[in-house]
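One structure below.
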Amino acid sequence: MRREGTESPESMLNVALPKGRLGEKVYQLFAEAGFECPAVLENSRKLIFENPEAGVRYFWVKPSDVAIYVARGAADIGVAGKDILLEYRPDVYELMDLGIGKCRMAVAAPVGFEEDGARTLRVATKFSRIARDYYAGMGRDIDIIHLNGSIEIAPILGLSDVIVDIVETGTTLRENHLEVRETIVPISTRLIANKSGFKFKRAAVERLMKGLGGQNG
Amino acid sequence: MELNLSVMDDLERISFLLRGLYQDHGFSRYRMSKFEEYDLYSRNKDFLMSEGVITFNDPSGRLMALKPDVTLSIVKNGRDIGAGLRKLYYHENVYRVSPGEEEFREETQVGVECMGQVDGRALSETLRLAADSLELLSSRWVLEISHLDILEALTDALAAEDGMRERILACAGQKNLHGIREICREAGLAEGAEGSLLALLENYGPPRKVMPAIRRIAEENGCGDAARELGQILAPLMGSGLEDRLWVDFSATGGLKYYNGIAFKGFLEGIPEPVLSGGQYDRLMRRLGRKDRAVGFAVFLHRLERLNREGGHAE
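Just so you know, the sequences run in chain order A and B.
When we follow our numbering, the leftmost residue of the first sequence carries the number 1, and every step to the right adds one.
When we follow our numbering, the leftmost residue of the second sequence carries the number 1001, and every step to the right adds one.
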């Protein structure tokens, strides 16, 4: 039997939320926009929660994995930092800047560091692609040292000259005698959607965006 | 001995149904070699959907490649016909590294290419064939259609240089309106300069709902001809019963070095990526020294492995 239009008869909107305080803040925004599911904030080890009445299913995932869940269609929508979107370039819609989780991607170096333009610059980072693109734009020869954490200690131990990392308040940098040299790009939290899922759950996504005060509302 | 059709798996059945559909519409089979000189791909790198090409030296020392794409070979090896249409279909394997992946994969695609005097009627028929291809796969599909000449005109009105143009087009493809606002703000454009482009991108959906606004935006920005052409291409599909599943959506973009005119992508419910992609590529033809106009599309069979057969017609 043919169904009219393109809206999915499956009414659940699947939402990937980043685990942690930011995800909880995002959930509050979604709940205020009409997509409530109080069990989400219960202190339990459960990772998937649904509220059929509100037509929403939430799941907690590692923040850097949100874009993968959305790009692969396991989630219709999700919330991810611009840093993740720039680094992994998932093929998704970036529907809204939620204006929260604000920070910046920056180059930091030991206080007093003087760059020697005649030598290859050693850059320690979790964000290899962002760093490579940034320095390629300046025609600078660099050696990327990909690390998965504690980036700040790399220049202290002589592993790198500078780091490219997310800077929020700058406290960690200061405590490790580092300072911001350049801001590469401002970062904030974005609402993303799977390109196919959006076609079939348009009404729900647009209702959420309207509730969040978005451009298509 | 009779052929036992039950030995075919779903993807084989689908490929034969699509090939039958294209043959019924006057397309003839085009077969090609698995290899092509690497030079063809290195000169047209941006056209490829792949982040890499598998290369090897043939016995005479030429650097060859396992085909990452079909259209380039058809264009390169074809000859202009001027009047009339040359209608081809293919069923080929290509070897690609898809964006975001790290491994080469063998991918199967079935597609059509229509070259020659490609006019509005040929474009309508190609869109209809794309819609019929999706209908063959599932009853739950959307074919999104844009007109790149309109998108290009509105982008060029904002972008002073290629880098900015590419960034704006990338944002358009992501429905990232806040990103376009930010790019224009950084470039020091007057507040609201991007208004027409944002309005174009915000108007997506079935043609009867969005075409009046798109015509108005295009008229106001000196590209009314392209909007009228889009309306004429879509007109034969109105009243076909398919029109609610056609979306005019200007986030369907394509590389403007190669593509022009209409561009389209097909989606099936439950499949996260587009299963069909196509459009006009007169600019690619010019780059390879061809004078004919051209339009075509491919169905990516490897993306159909997880298709829920309940809504499909392929059974």
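Where a beta carbon is used, it is the ideal one built from N, C-alpha and C, also for glycine.
Query	Result
Please name the residues in the region 8–33 of chain A whose beta-carbon is closer than 7 Å to at least one beta-carbon of chain B, in chain order.	8
Cutting at 7 Å between CB atoms, please list the residues of its own chain near residue 1263 of chain B, excluding the five before and the five after it.	1146, 1148, 1252, 1253, 1254, 1279
Go through the region 149–180 of chain A residue by residue and report every complete run of the alpha helix (DSSP H) that reaches 4 residues or more, in order.	153–156, 171–175
Could you tell me which of A/75, A/96, A/97, A/122 sits nearest to residue 108 of chain A, measuring between CA atoms?	A/122
Kindly identify the DSSP beta-bridge partner or partners of residue 1114 of chain B.	B/1087, B/1295
Give a yes or no on whether 9 Å exceeds the smallest Cβ distance from residue 93 of chain A to chain B.	yes
Could you pull the start and end residues of the alpha helix (DSSP H) that residue 1036 of chain B belongs to?	Taken as a continuous stretch (DSSP letters only), residue 1036 of chain B belongs to no alpha helix (DSSP H), being part of the beta strand (DSSP E) at 1035–1037.
In chain B, what lies closer than 9 Å to residue 138 of chain A by C-beta?	Under the 9 Å cutoff, chain B gives no residues; its nearest Cβ is about 14 Å from residue 138 of chain A.
Are the C-beta atoms of residue 1087 of chain B and some chain A residue less than 9 Å apart?	no
List the residues of chain B that residue 133 of chain A touches, going by C-beta distances under 9 Å, in chain order.	Chain B residues near residue 133 of chain A: none, gap ~12 Å exceeds 9 Å.
Pull up the CB-CB distance for residue 1194 of chain B and residue 1215 of chain B, whole angstroms please, since I reckon it's below 8 Å.	Contact flag wrong, Cβ pair sits at about 20 Å.
Name the residues in the region 81–110 of chain A whose C-beta lies less than 8 Å from a C-beta of chain B; which are they?	88, 89, 90, 91, 92, 93, 94, 95, 96, 97
Determine the burial state of residue 2 of chain A: buried for a count of at least 16 other Cβ atoms within 10 Å of its Cβ, exposed for fewer.	Residue placement at residue 2 of chain A is poorly supported in this model, since its pLDDT is 42, which falls under 50; the coordinates still yield a value, given next. The residue is exposed, with fewer than 16 neighbouring Cβ atoms inside 10 Å.
I need the DSSP call for residue 1203 of chain B, collapsed to helix, strand or coil.	coil
From this set, B/1250, B/1050, B/1259, B/1305, which residue's C-alpha is nearest residue 93 of chain A's C-alpha?	B/1250
What whole-angstrom Cβ distance do residue 1137 of chain B and residue 1304 of chain B have, given they're in contact under 8 Å?	7 Å
Is residue 196 of chain A close to chain B, meaning its C-beta is less than 9 Å from at least one C-beta of that chain?	yes
Is residue 1250 of chain B close to chain D, meaning its C-beta is less than 9 Å from at least one C-beta of that chain?	Protein chains in the displayed structure are A and B, and chain D is not among them.
Could you run through the region 1168–1195 of chain B and flag, in chain order, every residue whose CB is less than 7 Å away from some CB of chain A?	1174, 1175, 1176, 1177, 1178, 1179
Skipping 5 residues on each side, what residues in its chain have a beta carbon closer than 7 Å to that of residue 1018 of chain B?	1110, 1133, 1136, 1299
Shortest alpha-carbon distance to residue 1051 of chain B belongs to which of B/1084, B/1096, B/1230?	B/1096
Short of 8 Å Cβ to Cβ, which residues in the region 1221–1255 of chain B face chain A?	1244, 1245, 1247, 1251
Which residue comes first and which comes last in the alpha helix (DSSP H) that contains residue 1077 of chain B?	1071–1077
Could you check where the alpha helix (DSSP H) with residue 1171 of chain B kicks off and where it finishes?	1162–1173
Closest to residue 1057 of chain B by C-alpha separation, out of B/1049, B/1038, B/1217, would be which residue?	B/1038
Checking 9 Å against the spacing of the C-beta atoms, do residue 124 of chain A and residue 185 of chain A come in under that value?	no
Below 8 Å, how does it come out for the region 19–31 of chain A and the region 53–73 of chain A: are there three or more Cβ pairs, yes or no?	yes
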